[in-house]
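In this text, residue positions in the sequence shown follow the working numbering: the first is 12, and each later residue adds one. Remarks on the structure that follows.
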Amino acid sequence: MQRLIFITHRIPYPPNKGDKIRSYHILQKLCSNYKVDLVTFIDDPEDRQHIEHLESICHSVMAVEINPAYRKLLSLTGFLSGKALSLPFYTNKKVSAYVRHLIKEGIKRVVVFSSAVAQFLPDDISNLNCIVDFVDIDSDKWRQYSSSKTWPMSWVYMREYRKLFKWERDLAERVSASLFVSDKEAGQFAEMVPQAAAKIHALDNGVDFQRFSPKISFENPYKNGELPLVFTGAMDYWANVDAVVWFAKEVFPVIKKELPQAVFYIVGSKPTADVTALATPGGVMVTGRVDKVEPYLQHATIAVAPLRIARGIQNKVLEAMAMEKCVVATGAAMEGIREQNIFAKNTIDDPQLMAQRAIELLQSQSERDHWGKKGRELVLKHYDWDKNTQILLEMI
């Protein structure tokens with residue numbers, strides 16, 4: 012097998028959060044055809060234990076530990092250099108030197124996961140087949156954040172949008188191909204960077220159908236008599252925090268008033284203070300990190316995805332659908348999902364209307380079963396990791 016460099020901004024194992032799910036499945040596909048030299052970062056000490064697994068499937072692994080708090084301070088140097096603040100967060104001379112060393116050894120293929128770590132590519136990549144998986148238009152998230160904040164953070168976020176978009180645009184022009192998580196995301200970026208449109212493609216996400224299967228029985232984590240509504244996701248991610256705070260304050264009280272047995276479960280690691288403050292006995296439950304999200308999905312009455320700020324595609328929606336769970340979501344959470352119009356009845360942005368729809372579904376087992384089956388059919392049809400990652404091999 013020939014060698015290939017795979018650079019990721021976060022260790023791609025275990026596949027327990029959005030970006031790691033995608034990067035791990037891409038890594039698996041790459042390892043099936045190449046000797047992969049993995050270059051990655053560890054931002055959570057608990058992930059150190061997983062280096063051994065990656066070493067068992069890769070040709071080599073360079074995993075650099077970083078301290079997120081220190082790196083956030085380092086990002087501020089972007090104000091002095093004129094760069095996007097996202098870039099100094101990962102700047103590392105040893106990594107740059109190591110990537111150059113691998114290329115000097117004759118490796119001609121490089122896959123980069125996340126535009127921020129494309130900074131480790133050499134200036135001259137004309138002799139390389141270099142593919143960057145942007146995943147989504149990261150810069151546009153900062154534009155969305157800006158619109159929801161007041162000065163001075165609105166200015167900081169708008170600056171980041173402009174600086175990061177310039178980086179994304181210039182990068183897309185340089186590399187062999189750019190990948191995005193959906194046709195919609197790829198199409199939008201192609202409109203923003205028309206000069207690179209011919210090199211911009213979609214690589215859809217997938218779902219682990221064996222792991223997220225309604226046929227597997229899990230122990231019920233909920234109390235008897237509850238009507239659990241579940242949200243899953245990393246709870247230190249700003250968009251997830253905004254989603255659950257909004258739902259808990261604007262939507263759930265209406266549901267709770269009509270159905271006192273309803274309980275809103277927020278399932279995910281590292282909940283912020285804003286999230287833990289939502290917890291109320293018998294009302295809102297904040298679990299923190301759990302070993303598996305599958306039991307919470309399987310035994311929930313419905314899943315909710317009330318994101319107001321989102322890009323790309325939401326794994327939490329695909330995973331709930333794979334478990335044949337009825338999902339109530341905002342338009343932002345459903346954006347990028349193929350055939351999303353099928354679920355228009357359960358896609359609602361207005362808090363009162365969302366609450367009313369959730370109440371209807373909580374009271375109707377037959378309707379929940381109907382939407383659950385529709386969801387499972389959709390992910391089986393469109394979100395097979397093995398099929399969807401094949402496009403990457405064809406480009407390499």
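The beta-carbon is built from N, C-alpha and C at its ideal position, and this holds for glycine as well.
{"Check": "Assuming Phe-242 is part of the beta strand (DSSP E), what are its boundary residues?", "Outcome": "238-243"}
{"Check": "What is the residue span of the alpha helix (DSSP H) that Met-406 lies within?", "Outcome": "401-406"}
{"Check": "Counting Cβ pairs, one atom from each stretch, are 3 or more of them under 8 Å apart for the stretch 143-159 and the stretch 189-198?", "Outcome": "yes"}
{"Check": "Specify the secondary structure class of Phe-131 as computed by DSSP and reduced to three states.", "Outcome": "helix"}
{"Check": "Along the chain, where does the alpha helix (DSSP H) that runs through Ser-150 open and close?", "Outcome": "149-158"}
{"Check": "If contact is defined by three or more beta carbon pairs under 8 Å, each pair taking one atom from either stretch, is the stretch 158-175 in contact with the stretch 49-65?", "Outcome": "no"}
{"Check": "Is there a C-beta anywhere in chain C that falls below 7 Å from the one on Glu-378?", "Outcome": "No chain C appears in this structure, which consists of one protein chain only."}
{"Check": "Pull the bridge partners of Met-296 from the DSSP assignment, please.", "Outcome": "Tyr-276"}
{"Check": "Just curious, the alpha helix (DSSP H) that Glu-66 is in, first and last residue?", "Outcome": "62-68"}
{"Check": "Please list the terminal residues of the continuous beta strand (DSSP E) segment that includes Ile-16.", "Outcome": "14-19"}
{"Check": "Contact defined as beta carbons within less than 8 Å: I believe Leu-15 pairs with Ile-118. What is the distance between those atoms, to the nearest angstrom?", "Outcome": "7 Å"}
{"Check": "Ends of the alpha helix (DSSP H) at Glu-171?", "Outcome": "164-185"}
{"Check": "Taking only three categories from DSSP, how would you classify Ala-321?", "Outcome": "coil"}
{"Check": "Can you tell me whether Asn-231 is buried or exposed, with buried defined as 16 or more other CB within 10 angstroms of its CB?", "Outcome": "exposed"}
{"Check": "Rounded to whole angstroms, what is the Cα-Cα separation between Val-390 and Asp-151?", "Outcome": "26 Å"}
{"Check": "Take Leu-175 and list the residues in its own chain whose beta-carbon comes closer than 7 Å to its own, dropping the five residues that flank it on each side.", "Outcome": "Ala-95, Ser-97, Asp-149, Ser-150 and Trp-153"}
{"Check": "What residue range does the alpha helix (DSSP H) around Arg-33 cover?", "Outcome": "29-42"}
{"Check": "Give me, in chain order, the residues of the same chain whose beta-carbon lies closer than 8 Å to that of Glu-66; leave out the 5 immediate sequence neighbours on both sides.", "Outcome": "Val-72"}
{"Check": "Would you tell me roughly how many angstroms separate the C-alpha atoms of Asn-44 and Met-12, rounded to the nearest one?", "Outcome": "7 Å"}
{"Check": "Just to confirm my understanding: we take Leu-289, look at its own chain, exclude 5 residues before and 5 after, and list those with CB closer than 6 Å. What are they?", "Outcome": "Ala-259 and Val-295"}
{"Check": "Where does the unbroken alpha helix (DSSP H) through Met-332 begin, and where does it stop?", "Outcome": "326-333"}
{"Check": "Quick check on DSSP: helix, strand or coil for Thr-51?", "Outcome": "strand"}
{"Check": "What span of residues does the alpha helix (DSSP H) with Asp-253 cover, start to end?", "Outcome": "249-257"}
{"Check": "Look up Met-1 in the DSSP assignment and give the residues it is bridged to.", "Outcome": "Outside the shown range of the chain, which is 12 to 407, sits residue 1, and nothing can be said about it."}
{"Check": "Determine the contact status of Leu-318 and Ala-254, defining contact as a CB-CB distance below 7 Å.", "Outcome": "yes"}
{"Check": "Taking DSSP as the reference, what is the three-state secondary structure of Asn-140?", "Outcome": "strand"}
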